[in-house]
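Here's the structure, in structure tokens; my notes come after.
2 protein chains.
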Amino acid sequence: MNAFLTHGGRLDEACTHFGGDPADWLDLSTGINPCPWPGAEAIRPAWRTLPDVRTLRRLEETAAACFGADPALCCAVPGSEAGLRALGCILGLPARHVPLTYGTYAKAFASPPPGHSGPTVLIVTNPNNPDGRLHQRDHLASALEQQQPGGGWLVADEAFADCHPEASMAGLVTNERNLAVTRSFGKFFGLAGVRLGFVLAPEPLLTQLRRLLGDWPVCSAALAFGVEAYADARWIAATRARLPERAARLDAVLERHGLRPTGACPLFRLATVPDAAGLFASLANAQILTRPFAHYPRLLRFGLPADDAQLARLDAALALWSAHG
Amino acid sequence: MNAFLTHGGRLDEACTHFGGDPADWLDLSTGINPCPWPGAEAIRPAWRTLPDVRTLRRLEETAAACFGADPALCCAVPGSEAGLRALGCILGLPARHVPLTYGTYAKAFASPPPGHSGPTVLIVTNPNNPDGRLHQRDHLASALEQQQPGGGWLVADEAFADCHPEASMAGLVTNERNLAVTRSFGKFFGLAGVRLGFVLAPEPLLTQLRRLLGDWPVCSAALAFGVEAYADARWIAATRARLPERAARLDAVLERHGLRPTGACPLFRLATVPDAAGLFASLANAQILTRPFAHYPRLLRFGLPADDAQLARLDAALALWSAHG
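Just so you know, the protein sequences line up as chains A and B, in that order. For the first sequence, the residue numbers in the numbering used here are 30 to 354. For the second sequence, the residue numbers in the numbering used here are 30 to 354.
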């Protein structure tokens, strides 16, 4: 069970524990868009040569435009998780965050020692993972104003923010603010295997980040996919409209079976249920993988089914669980 | 000119300065095998899901077996350059290295301050880039014996060592030795855009490295290509035999035009010539990119031409340069 409590997407462990091949499983354990950006299919990355430096700059500019951020303050990283860990290393400050959030923070940052009164990093995931809570930009700007005078930082992890541009702090990143924003390519664009993310931060911090990551921070596929995907305004707009529709249909199914989905993020829904472990196991026996959480025995996160057939499969498995529950 | 002095492979800059499209150029500015491992063509990486954790372990085991190293002490990194920078951050010691070597060391490690008597990292590139000098394993083992008692480290950068298994320190990495070895996938296998390398090091260091790099250190393509390529003993053996043959033919052409190639590494040859900048420019005007070095006005590095046609093109351009020189 431990493997499923750390990250979603552990289909390998699911097969070991519950049988079947990965292809048999319906993986609802992640917040990765199940309908990926289709342009990647036709692109043949330039594997033979080193990733092109100018294309890297163009990727950073294109992504920054999509985020509404200063292109000079945007640095590509090999996944937003890697970006967060690098930030933890560079900032070298203890961090505070809400108890139920992305587990990587505890690995990337130390906790403040008891009685700590020095500067800290406040990490806010927006929208939060797994409960989908969305903070308004004004609220976070106030938090930054409290952090900065004592030398503290605000890190806004916007890995799931692509559907909420109005809440993003990306446009507030300047050289004068102790504010860093992390973004993820793989979740919204549905291509998590590429390992591409971004850190938006003041120049001195980006200089240290680039020194740590080196001259080729992401692979040739990340460059080739990213420059086209972030410029694909039509697909981005259509996906921003489509994902909430799909999430509403998932909510209707969850509610029909007595689960209470919450949150503003359409890429995943958090359900409250008296025995989440029982529901997890019941779904796993139907080869549907969901995401449980250590210390939260009443919570189970559901990723978005890709289509009506997948939603019907989930519906049927939930009906079986309800009948035996 | 500056762009060409930092790294090879800057075809974008070459087009800006000397004209043409990248496809027009013969790029001999890197040490990347121009005849890549052919298996990548048929592999479709799993871009939609997170890189699989078990495949990552299998990659590390397969690569370790190829290096003759302990699989428990082998960690995949997104390119050996990124691995070296992470080592610089984790070891936190000033480093010594020979003056003419890979430029990344100066960025990843501080130089010892004047009068420094504390522990250092000794970085040895084996074979060295760009002069191809090969150190015997016994020689490096002696250097390690000198480093370790004072708390120092030996880092053997074996990015170009695939043709010299007998000289590799990989098998000497244990938990008891202050020895780290870095390896590169992209050079020997000719797939530099993948960003895959390895750090072999004692467990406590690898724990810190994994904490810094996170749970998905390399992309899905790196996993898919790497597990098959490092297990392709036939291609590896054939390439170890073929590369020196090609290098000998390149040497013959260079010598015919009065250049004096040196070194043991078949992926590149270092030529000595009175006016390397003049030769660089003459070849660039024929849209052949080579690798000059700051502070070494008599040195020019040549990567391996892929076939007889490319070698003939170089031969003709050198003949033109000789005639006008």
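Ideal Cβ positions, reconstructed from N, Cα and C, are used throughout, including at glycine.
- Distance check between D99 of chain B and each of B:P107, B:G108, B:E89 places B:E89 closest, using alpha-carbon atoms only.
- Linking A71 of chain A to Y259 of chain B through their CA atoms gives a straight-line distance of about 27 Å.
- Listed as beta-bridge partners of S213 of chain B by DSSP are B:G226.
- DSSP places E205 of chain A in the coil class of the three-state scheme, outside both helix and strand.
- In this structure the stretch 313-328 of chain B touches the stretch 35-52 of chain B; the number of beta carbon pairs closer than 8 Å is three or more.
- Separation of L349 of chain A and L343 of chain A (C-alpha to C-alpha, rounded to the nearest whole angstrom) is 10 Å.
- With a 10 Å radius around the Cβ and a threshold of 16 neighbouring Cβ atoms, V127 of chain A comes out exposed.
- The beta carbon of T291 of chain A does not come within 8 Å of any beta carbon belonging to chain B, so the residue lies off that interface.
- A contact is defined here as three or more CB-CB pairs under 8 Å, and the stretch 202-212 of chain B meets this definition with respect to the stretch 105-120 of chain B.
- Annotation: E90 of chain B has no Cβ neighbours in chain A at a cutoff of 9 Å; minimum Cβ distance is about 15 Å.
- Boundaries of the alpha helix (DSSP H) harbouring Y134 of chain B: 133-137, taken from the DSSP string.
- In the structure shown, L288 of chain A adopts coil according to DSSP, grouped into three states.
- W66 of chain A places its beta carbon less than 8 Å from that of W264 of chain A.
- Straight-line measurement puts the Cα of F227 of chain A at about 19 Å from the Cα of A262 of chain A.
- Interface with chain A (8 Å Cβ-Cβ cutoff): G108 of chain B is included.
- The residue from A:H286, A:D160, A:F331 with its alpha-carbon nearest to that of G292 of chain A is A:D160.
- Going by DSSP, L151 of chain B is part of the beta strand (DSSP E) stretching over 150-154.
- The continuous beta strand (DSSP E) containing V184 of chain B extends over residues 182-187.
- Judged by DSSP in its simplified three-state form, L329 of chain B adopts strand.
- Within the model, the alpha-carbon separation for L225 of chain B versus F218 of chain B is close to 11 Å.
- If you draw a straight line from the Cα of A221 of chain B to the Cα of G243 of chain A, it is about 14 Å long.
- Ranked by Cα distance from I61 of chain A, the first of A:F47, A:G68, A:P51, A:G38 is A:G38.
- Pairing V106 of chain B with N158 of chain B, the inter-Cα distance amounts to about 20 Å.
- Taking the C-beta atoms as reference points, S249 of chain A is found nearer than 8 Å to W76 of chain A.
- Looking at the DSSP output, C104 of chain B shares a beta bridge with B:V228.
- Cβ atoms of A137 of chain A and L116 of chain A come within 8 Å of each other, at about 7 Å.
- Taken through DSSP and simplified to helix, strand or coil, D56 of chain A comes out as strand.
- Two segments are said to touch when three or more pairs of C-beta atoms, one from each, lie closer than 8 Å; by this definition the stretch 272-279 of chain A does not touch the stretch 141-149 of chain A.
- Between A251 of chain A and V223 of chain A, the CB-CB gap stays under 8 Å.
- At a Cβ-Cβ threshold of 8 Å, C104 of chain B and L241 of chain A do not count as neighbours.
- L288 of chain B is a Cβ neighbour of A300 of chain B, given a cutoff of 8 Å.
- The three-state reading of DSSP puts R240 of chain A in helix, counting H, G and I together.
- By the rule that beta-carbons nearer than 8 Å mark a contact, H46 of chain B does not touch chain A.
- Taking the C-beta atoms as reference points, R206 of chain A is found nearer than 8 Å to L173 of chain A.
- Listed along the chain, the chain A residues whose CB falls inside 9 Å of the CB of V282 of chain B amount to none; the nearest CB is some 23 Å away.
- With a contact defined as Cβ atoms closer than 8 Å, P334 of chain A and L85 of chain A miss out at about 35 Å.
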